[in-house]
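S.K.: Sharing a structure here in structure tokens format.
Chains as they are written, first to last, in my numbering: chain A, 117 to 330; chain B, 35 to 695.
Laid out in structure tokens, this is it:
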């Protein structure tokens, strides 16, 4: 039983609830930053005692990107877009949190049906990964602002990353760097997109994009 | 083989070097054309030296080796590609000198060289994955070249139609190769394909896929619709390469598949004869109805590809009847006609380019009387026209003559007259070929007459017209000379295709004593020589008779009118009208007619336009239907991002549930 790892995973789970329950965009971005930091620490926690240089560098890189650069970019966008709150979410915050709880339950049930846990580093890894992924997908579906959808995307990515950690023993560096690169581009593009949306339409409400359909 | 590989490297490297030239016209043309010619010379030397060691290079691609091999079939096609692209490059240096300054010349020459390399790659590939890669590279580079004048909406439309057509064709080829691969235990090398045995059903399916997939590239009717759009849209030296060589890659594919499958059921020969007859007759009739020189040439390519398909059909029927004469004559005729068509069709397209440079248009109804102003272009066009009409002493005659002989073999040879398939197929082909030949003569008489004879229909254009530059004349002259030489030395030219024919027959375990069947070609040569001698004699006689007499020059078109105008001449539609009237049920012309009214009519107008039957009656309704069917799914495109993501989530959950069932 790896206590540090379990602690990190529980914090991740809790951050998901906070993401689901908050209406303030700045708080949500901050919560994603916390999540990113935890994700960065995960490889270190898995490695346990001896920490190799390669893993340390990778962990640092992930932490800097996910807890530093991305949130900074998004914060800037939030400030320049002039929107501080998610105003009319498609699913309310209370209901969202309840659904989050249901998702965690479902994730544990799913874990019991799947043959992954045997090789995982902790019993919690797979269920937490599933819950984080579900949270990300839910945020993308149930929120209107483009910022929240980007946050949902990042959360989904985090979930996939945790899942990868759970399944693959040791981290293939190249794959990891590939994922990071991918995300960096994605956030960059989305940042620009949000900026454009807010400049052209005076809001960052993705629901208004309906006028673009053919 | 080393020389061939070096040629490939030269083409590719030359293409890369052209990119560095950017928009600099002179540098791009110099680098591009010199590497194109150098590559061609290397490739031709390689073919003459003729060391054929198959090459296989390691390549990190699933199922793919970089396998290249050169056999009799490849050799013929590589030779054609090398000759035509080199001469087109010579013409291109002069042709592009007159293009606007802001054009990306470096890119154009890069694409030209890559197109050459990819075509040769297609001919040399011995692995299906490598073949398809070269095939796609060929499609993309030629698309880029078609779009050279992309600021015209018509050119953009042509490019899109071409891109769609070529990809639909390639999709079928992918299925075909996978099917062959499945039959051969997962191997995608041509060696494995030919070693495998195929049941009649599999062979039939593969053959049909090849006929439609490769037929799209070859421009067989009814898959030809992209051809009359894309070929006129490209710059003329590119049209020459596309029509002369690129559509032959489709024929190459069909020949390759006949070789791989070995013995085919007789209906395959029938299918080739039928599609050949349809393309040939349909192509030449459509050509007759065109009002644009390059469009007309494009339709004439459809016709000639049809003639080649007729020959291949006769060959396949001969294989089925196990008759050496029919097999040899059919295949040899088809391949010889392919070689000939590459020469005269590229010549004619280059001529069209010269006409366009000199007058600024290729519309037949705006030209006329150019022969006196552009003697080189006009006379080489005349040679090309005679050749394409299949008249001696030029090269077009030899190929069609062989196909004729092959088609009539079942009538003459008691050994095969029992086979109904061979008899009816042969007769159909013979009748179709006769009709095609006659219509082709009408078509080119019309074209030559409209463009080069008579009085200029638009005086200003003709006044400004002058002969094109030296490099362009050189390319025209060399091609015309080759048409003549191949016509006179038909038996020697036929030796080039014999090895390919033997290879095709060998794949079906049929031994051929090919030379015996080619004796008629000696008569072709003799006829050609006789025609030339008689013509020279007549010329000398005329000179002698006219000596000492006064020769007056007067207007070409007078008709006894007091004040004749150029508008009284035949127009493109009036010349073709008697023939097109006969086929009006097949080939509908859209007419606008405002007849003269009253005793002193002031105004009257007539205009006719013939559109492509297949495009109008088959493809447009088909694509409309598909569009309306897909339109019913438009409720799914509601534009709400959240619901899109939700549908993805639901699909993923459904998959998960299905998996955990």
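We put the beta carbon where it would ideally sit given N, CA and C, even for glycine.
Please report the straight-line C-alpha distance between residue 205(B) and residue 624(B), rounded to a whole angstrom.
M.R.: 35 Å
S.K.: Rounded to the nearest angstrom, what separates residue 696(B) and residue 280(B) at their Cα positions?
M.R.: Because chain B in this structure spans residues 35 to 695, residue 696(B) falls outside the shown range and cannot be described.
S.K.: Might you give, ordered along the chain, the residues of its own chain that have their beta carbon closer than 6 Å to the beta carbon of residue 220(A), omitting 5 neighbours on each side?
M.R.: 247
S.K.: Name the chain B residues whose beta carbon is nearer than 7 Å to that of residue 257(A)?
M.R.: 676, 679, 680, 683
S.K.: The alpha helix (DSSP H) spanning residue 98(B) covers which residue range?
M.R.: Here residue 98(B) belongs to no alpha helix (DSSP H); instead the beta strand (DSSP E) covers 98-102.
S.K.: Label residue 434(B) either buried or exposed according to how many other C-beta atoms from any shown protein chain fall within 10 Å of its C-beta, with 16 as the threshold for buried.
M.R.: Residue 434(B) is buried by the Cβ-count criterion.
S.K.: Have a look at residue 488(B) and residue 457(B) and give me their C-alpha separation to the nearest angstrom.
M.R.: 46 Å
S.K.: The beta strand (DSSP E) that contains residue 626(B), what's its start and end?
M.R.: 623-628
S.K.: I'd like the list of long-range same chain contacts for residue 609(B), defined as Cβ closer than 8 Å, with 5 residues on each side in sequence excluded.
M.R.: 480, 483, 484
S.K.: Give me the chain B residues within the contact set of residue 229(A), using Cβ-Cβ distance strictly less than 7 Å, ordered along the chain.
M.R.: Residues of chain B with a Cβ closer than 7 Å to the Cβ of residue 229(A) are, in chain order, 694.
S.K.: Among the candidates 203(A), 279(A), 140(A), whose CA atom is the shortest distance from the CA of residue 249(A)?
M.R.: 279(A)
S.K.: Nearest to residue 246(B) by alpha carbon, out of 226(B), 305(B), 262(B)?
M.R.: Answer by Cα proximity: 305(B).
S.K.: Who are the Cβ neighbours of residue 660(B) in its own chain at under 8 Å, not counting the five residues just before and after it?
M.R.: none
S.K.: Give, in chain order, every residue of the region 195-220 of chain A whose Cβ lies closer than 9 Å to some Cβ of chain B.
M.R.: For the region 195-220 of chain A, which is checked against every Cβ of chain B, the residues closer than 9 Å are 206.
S.K.: Against chain B, does residue 151(A) count as a neighbour if the rule is that its beta carbon must be under 9 Å from one of theirs?
M.R.: no
S.K.: Please work out which residues of its chain come closer than 7 Å, Cβ to Cβ, to residue 551(B), disregarding the five sequence neighbours upstream and downstream, and give them in chain order.
M.R.: 359, 362, 363
S.K.: How long is the line joining the alpha carbons of residue 351(B) and residue 134(B), rounded to whole angstroms?
M.R.: 52 Å
S.K.: Any heavy atom of the ligand NAD closer than 8 Å to the Cβ of residue 487(B)?
M.R.: As presented, the structure is devoid of all ligands, the ligand NAD included, so that no description of it is given.
S.K.: Compare the C-alpha of residue 172(A) against each of 183(A), 182(A), 157(A) and name the closest.
M.R.: 157(A)
S.K.: Buried or exposed, going by whether 16 or more other CB atoms sit within 10 Å of the CB of residue 156(B)?
M.R.: So residue 156(B) ends up on the buried side.
S.K.: What residue from 510(B), 492(B), 70(B), 357(B) has the CA that sits closest to residue 412(B)'s CA?
M.R.: 510(B)
S.K.: What residue range does the alpha helix (DSSP H) around residue 74(B) cover?
M.R.: Unbroken alpha helix (DSSP H) run through residue 74(B): 59-83.
S.K.: Can you name the residues of chain B whose CB is closer than 9 Å to the CB of residue 125(A)?
M.R.: Under the 9 Å cutoff, chain B gives no residues; its nearest Cβ is about 22 Å from residue 125(A).
S.K.: Which runs of the alpha helix (DSSP H) fall wholly inside the region 186-210 of chain A and span at least 4 residues, in chain order?
M.R.: Taking 4 residues as the minimum length, the alpha helix (DSSP H) runs contained wholly in the region 186-210 of chain A are 186-197, in order along the chain.
S.K.: Identify which residue in 122(A), 130(A), 192(A) has its Cα closest to the Cα of residue 271(A).
M.R.: That would be 130(A), whose Cα lies nearest to the Cα of residue 271(A).
S.K.: Rounded to whole angstroms, what's the CA-CA distance from residue 243(A) to residue 197(B)? Just pull it up for me.
M.R.: Cα to Cα, residue 243(A) sits roughly 48 Å from residue 197(B).
S.K.: From residue 169(A) to residue 121(A), what distance separates their C-alpha atoms?
M.R.: Rounded to the nearest angstrom, the two C-alpha atoms are 19 Å apart.
S.K.: How is the alpha helix (DSSP H) around residue 120(B) delimited, first residue to last?
M.R.: 106-129
S.K.: Under a Cβ-count criterion, where at least 16 other Cβ atoms within 10 Å of its own Cβ denotes burial, should residue 123(B) be classed as buried or exposed?
M.R.: buried
S.K.: Quick check on the DSSP output: the alpha helix (DSSP H) that includes residue 146(B) runs from which residue to which?
M.R.: 139-158
S.K.: Rounded to a whole number of angstroms, what is the C-alpha to C-alpha distance between residue 203(B) and residue 42(B)?
M.R.: Cα-Cα distance, rounded: 26 Å.
S.K.: Any beta carbon of chain B sitting closer than 9 Å to that of residue 121(A)?
M.R.: no
S.K.: Measure the beta-carbon distance from residue 266(B) to residue 326(B) and round it to whole angstroms, keeping in mind my assumption that it falls under 8 Å.
M.R.: 6 Å
S.K.: Identify every residue that forms a DSSP beta bridge with residue 642(B).
M.R.: 625(B), per the DSSP bridge assignment.
S.K.: Which residues in the same chain as residue 109(B) place their Cβ atom closer than 6 Å to its Cβ, once the five residues preceding and following it in sequence are excluded?
M.R.: 81
S.K.: Counting only Cβ pairs nearer than 9 Å, list the residues of chain B close to residue 253(A).
M.R.: 679, 680, 682, 683, 686
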